[in-house]
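Residue numbers (the numbering used here): 13 to 304.
Below: the structure, in structure tokens.
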Ligand code: MN
Ligand code: MN
């Protein structure tokens, strides 16, 4: 089924009131497994929104086959932050490490950087530019978008891209419905949907920075921040087994609509304290695939 823009796309809270009438919603209690993963399963360990606070983490990151970080690993995408994160992720034991960007990775978004440089020429107020531009930060500290993978040498960075691991298909994308003046912002509706149309239909594990509507997207203000068309794309076309995201820190946890498992893996809570435990799941190896 072809997904089109929902009439309430700009009012996700109201959209969910309508859409949720025909939806199942379960909250799942997921604990970190104490036993090692079975030979015929792949263990995924998910985190998100660590915001350059990895050194304040009090838990050990559980071992597994695949580590996923769903974006916002920095505060504002500065070079030193990216270097520090790359060093940290390099020390993790997982064989595969998958990372996407979030709205805080300012320097990863070409459009944001271009707009910033334009604004920088003409104005010295720069009110609505987060952190950057406010004296302390300097665009010279940014990571050049062409060099992202050089800086993130200890992991695989996905930006509107797929990867296959042990026969399991993953796809990662950083975009979200506009949220203040940050990176990877798109207008709700057609602009967002155009990015979701790029997601292949055979993805098993989808990684986005934004939550879809109705799952892990309830902000503490009572407003739903998720994307309506992302939910529809995920439920009607892509149908992944798992959808991993972050962004709305207070939405941390695991839910399901009875078919797809939705994981908000935000490590930081609403107060930017990195206390939420990683979320771990084991997925059976596809037929004929091995981990060796
Ligand atoms: Mn965040
Ligand atoms: Mn975010």
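The beta-carbon is built from N, C-alpha and C at its ideal position, and this holds for glycine as well.
As the structure is a prediction and not an experimental result, all values here were calculated from the model.
Residue 166 has no beta-bridge partner at all, per DSSP. Listed in chain order, the non-local C-beta contacts of residue 153 below 6 Å within the same chain comprise 90, 91, local neighbours out to five positions each way being set aside. Residue 212 is classed as exposed because its beta carbon has fewer than 16 other beta carbons within 10 Å across all chains shown. Sixteen is the threshold: since fewer than 16 other Cβ atoms of the shown chains lie within 10 Å of the Cβ of residue 158, the residue is exposed.
Residue 42 sits away from residue 205, with the two beta carbons spaced by 8 Å or more. In the DSSP assignment, residue 31 falls within the unbroken alpha helix (DSSP H) covering 24-31. Chain order is used for the residues whose beta-carbon lies nearer than 5 Å to a heavy atom of ligand 2, namely 84, 114, 115, 259. Using a Cβ-Cβ distance cut-off of 8 Å, the region 244-261 and the region 71-84 are in contact, since at least three pairs of beta carbons, one from each stretch, lie closer than that value.
Counted as a single uninterrupted DSSP element, the alpha helix (DSSP H) harbouring residue 102 occupies residues 91-102. With a threshold of 16 other beta carbon atoms within 10 Å, residue 26 falls short and is exposed.
Rounded to whole angstroms, the Cβ separation of residue 116 and residue 87 is 6 Å, and the two are in contact under 8 Å. For residue 267, the uninterrupted beta strand (DSSP E) segment begins and ends at 265-268.
Counting along the chain, the unbroken beta strand (DSSP E) around residue 109 starts and ends at 108-111.
Residue environment analysis places residue 296 among the exposed positions, since fewer than 16 neighbouring C-beta atoms fall within 10 angstroms of its C-beta.
Inter-residue distance for residue 182 and residue 215 is about 6 Å (C-alpha atoms, whole angstroms). Nearest C-alpha to residue 96 among 63, 121, 112: 63. Relative to the non-hydrogen atoms of ligand 1, the Cβ of residue 63 comes within a distance shorter than 7 Å of at least one. The region 260-271 and the region 220-236 touch, with three or more beta-carbon pairs separated by less than 8 Å.
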